[in-house]
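Peer 1:
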Amino acid sequence: MLPTEPSPERPPAIPAVIHENQQASRIEAPREELTRDRFAADPQLSEVRRATRITIGEGASFDRPFVLSNLAATEIASAGLLGDRTATIIGAMLIATLVGPIMGIGLALVDFDSRLLWRALLTLTAGTAMVLGVSVLCGLIAPPMSPSPEMLSRTSPRLPDLIVALASGAICAYAVTTPRLNAALIGVSIAVALVPPLATAGLFIVRAEWQ
Numbered sequence: 001m002l003p004t005e006p007s008p009e010r011p012p013a014i015p016a017v018i019h020e021n022q023q024a025s026r027i028e029a030p031r032e033e034l035t036r037d038r039f040a041a042d043p044q045l046s047e048v049r050r051a052t053r054i055t056i057g058e059g060a061s062f063d064r065p066f067v068l069s070n071l072a073a074t075e076i077a078s079a080g081l082l083g084d085r086t087a088t089i090i091g092a093m094l095i096a097t098l099v100g101p102i103m104g105i106g107l108a109l110v111d112f113d114s115r116l117l118w119r120a121l122l123t124l125t126a127g128t129a130m131v132l133g134v135s136v137l138c139g140l141i142a143p144p145m146s147p148s149p150e151m152l153s154r155t156s157p158r159l160p161d162l163i164v165a166l167a168s169g170a171i172c173a174y175a176v177t178t179p180r181l182n183a184a185l186i187g188v189s190i191a192v193a194l195v196p197p198l199a200t201a202g203l204f205i206v207r208a209e210w211q
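Residues 1 to 211 in this note's numbering are what the sequence shown lists, from first letter to last.
1) DSSP three-state label for P143, please.
2) Measure the beta-carbon distance from T128 to F66 and round it to whole angstroms, keeping in mind my assumption that it falls under 8 Å.
3) What is the C-beta distance between I76 and V136, in whole angstroms, given that I count them as a contact (C-beta under 8 Å)?
4) Does DSSP classify T155 as helix, strand or coil?
5) For the alpha helix (DSSP H) containing A193, list its first residue and its last residue.
6) Could you check if I76 belongs to the surroundings of the ligand ATP, using beta carbon to heavy atom distance under 7 Å?
7) Which value, in whole angstroms, describes the spacing of the CA atoms of V195 and E209?
8) When the Cα of L203 is compared with those of R49, M103, L152 and T52, which residue comes out closest?
9) Between A73, A79, G57 and L162, which lies nearest to T97 when the distance is taken from Cα to Cα?
10) Please report the Cβ distance between A193 and L132, rounded to the nearest whole angstrom; I am assuming they are in contact, meaning their Cβ atoms lie under 8 Å.
11) Counting along the chain, where does the alpha helix (DSSP H) carrying T88 start and finish?
12) Going straight from the alpha carbon of R64 to that of L71, what length do you get?
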């Protein structure tokens with residue numbers, strides 16, 4: 001009986017997961033190097049982006065400034081809507097900060113930041129509920145009166161309103177990253193303010209006018 005030679009040991013197979021990770025790292029490495037080179041060539045660009053992300057992240061937080069500004073904006077907007085005072089409503093638009101979490105949602109979608117996305121969504125939901133609740137309370141306190149033209153004008157949005165919203169959102173995102181356009185944020189805040197329409201909805205809820 002001939003002796004059998006021991007079979008040579010086979011090299012361990014590389015798991016498919018490790019192979020895919022190596023391929024992904026080879027693909028991502030040039031991108032990271034390109035990003036580092038761009039930031040190294042223009043350090044001011046990286047600083048502006050970092051500051052922009054910090055600013056937007058702070059604006060998407062449900063903190064004391066967010067609550068106080070929107071509470072005051074809702075009370076002012078409700079008074080302006082009930083009294084048909086355009087200047088008062090514009091004042092409420094200037095101090096409302098509901099656009100902060102909306103910008104946070106946009107940044108989170110671009111950066112694939114799930115933590116910022118959930119925080120901004122919760123802030124926007126809580127802020128919307130707060131504005132509706134305060135406006136309902138203002139409607140209960142106010143004496144009975146017919147709907148003002150300012151209230152009625154916010155019950156039938158049209159296509160131009162959508163165009164204004166899209167254009168305002170674009171210039172708002174650009175103005176945040178451009179120091180020279182910071183003054184434009186005042187006009188953008190007036191154009192995209194959500195407190196007056198939400199306050200109008202709360203006032204009509206009190207009146208039980210659903211149409």
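For every residue, glycine included, the Cβ atom is placed at its ideal position computed from N, Cα and C.
This structure is a prediction, so every number in the text was calculated from the model and none was measured.
Peer 2: A quick look at the data gives this:
1) coil
2) Not quite, the Cβ-Cβ distance comes to about 12 Å (not below 8 Å), so this is no contact.
3) That belief does not hold up - the Cβ atoms of I76 and V136 are roughly 16 Å apart, past 8 Å.
4) coil
5) Neither: A193 is in no alpha helix (DSSP H) and is coded neither H nor E.
6) This structure lacks the ligand ATP, and indeed carries no ligand of any kind.
7) 19 Å
8) L152
9) A73
10) About 15 Å separates the two Cβ atoms, so there is no contact after all.
11) T86 to I95
12) 10 Å
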